[in-house]
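Undergrad:
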Amino acid sequence: MNNLTVVDHPLIQHKLTIMRDKETSTAGFRRLLREIAHLLCYEVTRDLELDMIEIETPMTKMMAPTIKGKKLVFASILRAGNGLLEGMLDLVPAARVAHIGIYRDHETLEPHEYYFKAPGNLEDRLVIVVDPMLATAGSSTAAVTKLKERGATNIRFLCLLAAPEGVKRFSEEHPDVPIFTAAVDSHLNELGYIVPGLGDAGDRMYGTK
Ligand code: PRP
Ligand code: URA
Numbered sequence: 002m003n004n005l006t007v008v009d010h011p012l013i014q015h016k017l018t019i020m021r022d023k024e025t026s027t028a029g030f031r032r033l034l035r036e037i038a039h040l041l042c043y044e045v046t047r048d049l050e051l052d053m054i055e056i057e058t059p060m061t062k063m064m065a066p067t068i069k070g071k072k073l074v075f076a077s078i079l080r081a082g083n084g085l086l087e088g089m090l091d092l093v094p095a096a097r098v099a100h101i102g103i104y105r106d107h108e109t110l111e112p113h114e115y116y117f118k119a120p121g122n123l124e125d126r127l128v129i130v131v132d133p134m135l136a137t138a139g140s141s142t143a144a145v146t147k148l149k150e151r152g153a154t155n156i157r158f159l160c161l162l163a164a165p166e167g168v169k170r171f172s173e174e175h176p177d178v179p180i181f182t183a184a185v186d187s188h189l190n191e192l193g194y195i196v197p198g199l200g201d202a203g204d205r206m207y208g209t210k
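Numbering (the working numbering), first residue to last: 2 to 210.
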């Protein structure tokens with residue numbers, strides 16, 4: 002699929018294997034997600050445009066590159082998106098942050114929005130939506146639709162794990178939004194969980210359930 006990038010760097014794959022292991026602790030899971038976010042952030046921002054500005058080093062004046070345009074927006078789909086968000090902010094501390102509260106009903110798998118707060122001028126900014134899990138794509142497609150309603154036109158979606166069913170639906174509903182992921186797994190089970198997956202990302206991050 003054209004709009005799908007699988008970031009299969011060995012360090013990411015190694016860390017993801019530890020995250021998948023059901024014996025990995027909550028603290029370990031959170032730390033690894035943050036570390037993988039650094040590596041994914043590097044890839045999702047790889048083609049950002051640069052401007053040249055004049056600076057003065059201790060030796061001389063020079064023209065030096067700096068990221069062009071308005072500050073990026075990272076849009077975290079709560080709760081689990083915050084695990085990726087922290088790592089992204091480590092690398093781009095000046096980014097603006099949008100929070101989108103969405104949970105999926107365990108019975109119907111339909112997304113329910115309970116919170117939305119985003120910076121202004123979304124139309125002038127690159128918005129990178131983050132959520133570790135792309136399962137049915139109900140949550141991520143709803144989040145992207147909302148951001149578009151608020152003016153965003155330049156959007157990327159970054160996750161850790163995707164199901165083929167979710168990638169298909171997301172690409173059909175938002176063909177203009179590239180997807181970056183560390184892996185595409187086998188399938189969704191009858192409860193809408195990614196298989197082999199890693200379980201419930203929010204619960205594993207925060208020690209709930
Ligand atoms: C998880 C995950 C995604 C969503 C993916 O969140 O973090 O947001 O499920 O599933 P989907 O692609 O089928 O919509 P969850 O609803 O469990 O909420 P939480 O992060 O608050 O635990
Ligand atoms: N949400 C999760 O946290 N895990 C899955 O496998 C599917 C949706």
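Note that the Cβ used here is the ideal one computed from N, Cα and C, for glycine as well.
Buried or exposed for S140, going by 16 or more other Cβ atoms inside 10 Å?
TA: When all chains shown are included, S140 counts as buried.
Undergrad: Is I37 near ligand 2, in the sense that its beta carbon is under 6 Å from a heavy atom of that ligand?
TA: No, ligand 2 has no heavy atom inside 6 Å of this Cβ.
Undergrad: Hey, is the stretch 101-115 in contact with the stretch 77-89, meaning 3+ C-beta pairs nearer than 8 Å?
TA: Yes: at least three Cβ pairs fall under 8 Å.
Undergrad: Whose CB is closer than 7 Å to a heavy atom of ligand 1? List the residues in chain order.
TA: Qualifying residues, in the order they occur: I78, L79, R80, A81, G82, I103, Y104, R105, L110, P112, D132, P133, M134, L135, A136, T137, A138, G139, S140, S141, G167, G193, D201, A202, G203, D204.
Undergrad: Please state the DSSP three-state secondary structure of P165.
TA: Here P165 sits in helix by DSSP.
Undergrad: Return yes when at least one heavy atom of ligand 2 lies under 6 Å from the C-beta of I180, else no.
TA: I180: no, Cβ never under 6 Å from ligand 2.
Undergrad: Shortest alpha-carbon distance to V7 belongs to which of L162, V128, I19, G70?
TA: Of L162, V128, I19, G70, the residue nearest in Cα terms is L162.
Undergrad: Taking Y115 as the reference, which of A143, L49, E57, A153 has the closest Cα?
TA: It is A143.
Undergrad: Give me whichever residues DSSP pairs with P112 in a beta bridge.
TA: DSSP output for P112 lists R105 as bridge partner(s).
Undergrad: To which residues does DSSP link N155 through a beta bridge?
TA: Partner(s): L127.
Undergrad: Within 6 Å: the Cβ of G198 and any heavy atom of ligand 2?
TA: Flag set: Cβ of G198 near ligand 2.
Undergrad: Near K62, which residues of its chain fall below 7 Å by C-beta distance, leaving aside the five closest residues on each side in sequence?
TA: Closer than 7 Å at Cβ, skipping near neighbours: E55.
Undergrad: Taking just the CA atoms, how far does L92 sit from L17?
TA: Approximately 20 Å between the Cα atoms of the pair.
Undergrad: Could you tell me which of S172, G193, R21, T209 sits nearest to E108, measuring between CA atoms?
TA: Looking at the Cα atoms, G193 is the closest of the given residues.
Undergrad: Say the cut is 6 Å; is the CB of I13 nearer than that to a heavy atom of ligand 2?
TA: I13: no, Cβ never under 6 Å from ligand 2.
Undergrad: When DSSP labels each residue in this structure, what does H188 get in the three-state scheme?
TA: It is a strand residue.
Undergrad: What is the DSSP secondary structure of D9, counted as helix, strand or coil?
TA: Of the three classes helix, strand and coil, the one that applies to D9 here is coil, per DSSP.
Undergrad: Would you mind reading off the limits of the beta strand (DSSP E) that contains M63?
TA: Unbroken beta strand (DSSP E) run through M63: 62-68.
Undergrad: If you drop the 5 nearest sequence neighbours on each side, which residues of the same chain put their C-beta closer than 8 Å to that of K210?
TA: The answer, listed in chain order, is D201, D204.
Undergrad: Residues bridged to F75 by DSSP?
TA: Partner(s): V98, I129.
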